[in-house]
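In what follows, a structure is listed as structure tokens, so that the remarks can point back to it.
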Ligand SMILES: [Zn+2]
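Numbering (the working numbering), first residue to last: 427 to 687.
In structure tokens, the structure reads:
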């Protein structure tokens, strides 16, 4: 969700130690770096996380716990999945989980990610893309990383945002705080939110920018920043609705990003 890459109105911004970030809308309305831009591969010192000022949408499942900041090291799922999709460009991805997150088995998380990305309602459904999960030593076009909130800030190039997720270059960064707790406007439907979150961020990796709610009462496009607000639409996790690719007008809302995580 959050963070997402924004293809429109991108601006090069110099960040910290010489790193360059491509600022644009992100899933949660936060800046995201452009593809190809190297981001730190390990957590580096950042300002302490602010005191939590918001209440999570729902209590985090008891089986997932995490510190504000993990180790910055990741373990990768090892199993290679089948190619999903019948036609289109093939992209390979690996799946990783940051050390310090407890209650998330990396192989199980890898299977969950694989199932979402292979769903016929997803990005592979229309024949434009094929996706395959690969192991840690295989060549990959992008990585799906489950991170702690502070590491999310580092990898996304915005250390002030510990709430949203992002896509930064070839890294799809999923904030475990949202994976575990969702957002209020999904009314406790964590499964739908997780599917939305992953599809939204991967959508950025596939070159998609943000979209607006096209009709009040109808489904939200998957590229709408549903983590921050629905704007009259109802939650929707999938790129396709009723068997067809579903989109809204290009653009994004000026929703504030909650503080804390
Ligand atoms: Zn986005």
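Glycine included, C-beta positions come from ideal geometry on N, C-alpha and C.
Residue of 677, 621, 598, 652 minimising C-alpha distance to residue 635: 677
inquiry  = Here's a check: name, in chain order, each residue in its chain whose Cβ is nearer than 6 Å to the Cβ of residue 513, leaving out the five neighbours to either side.
reply    = 553
Could you name the residues of the same chain whose beta carbon sits closer than 7 Å to that of residue 523, not counting the 5 residues immediately before and after it, in chain order? 500, 501, 530, 532, 535, 572
**Message:** From the DSSP secondary-structure annotation, give me the bridge partner or partners of residue 568.
**Reply:** 519
Practice item. For residue 666, collect the residues of the same chain with a Cβ closer than 7 Å to its Cβ; drop the 5 residues on either side in sequence, then sort them by chain order. Key: 547, 551, 552, 672
Within-8 Å CB hit, residue 656 to chain D = The structure shown contains no chain D; it holds only a single protein chain.
Please report the straight-line C-alpha distance between residue 583 and residue 594, rounded to a whole angstrom.
8 Å
Item checked: Cβ-Cβ separation, residue 549 to residue 660 (assumed contact under 8 Å), whole Å -> Wrong, their Cβ atoms sit about 21 Å apart, outside the cutoff.
### Query
Do residue 558 and residue 507 have their C-beta atoms within less than 8 Å of each other?
yes
(message) Between which residues of its own chain and residue 569 is the CB-CB distance below 8 Å, once the five residues before and five after are set aside?
(response) 519, 520, 521, 522, 596, 597, 598
Review point. Residue 662 bridges to which residues according to DSSP?
Key: Beta-bridge pairing links residue 662 to no other residue.
Backbone secondary structure at residue 617 - three-state DSSP:
helix
| query | Got a sec: does ligand 1 put a non-hydrogen atom nearer than 7 Å to the Cβ of residue 651? | reply | yes
Find out if the Cβ-Cβ distance for the pair residue 540, residue 496 is shorter than 8 Å. no
Could you tell me if the beta carbon of residue 636 falls within a distance shorter than 7 Å of some heavy atom in ligand 1?
yes
Just to confirm the assignment, what range does the beta strand (DSSP E) spanning residue 688 have?
Summary: the structure shown does not reach residue 688, with the chain confined to residues 427 through 687, and so no result is reported for it.
(Q) Rounding to the nearest angstrom, what Cα-Cα distance links residue 670 and residue 664 in this structure? (A) 10 Å
- Tell me whether residue 626 counts as near ligand 3, meaning its Cβ is closer than 7 Å to at least one heavy atom of that ligand. Ligand 3 is absent from the structure shown, which contains only ligand 1.
_Inter-residue CB distance, residue 505 and residue 579 (contact presumed, cutoff 8 Å)_ = Not quite, the Cβ-Cβ distance comes to about 30 Å (not below 8 Å), so this is no contact.
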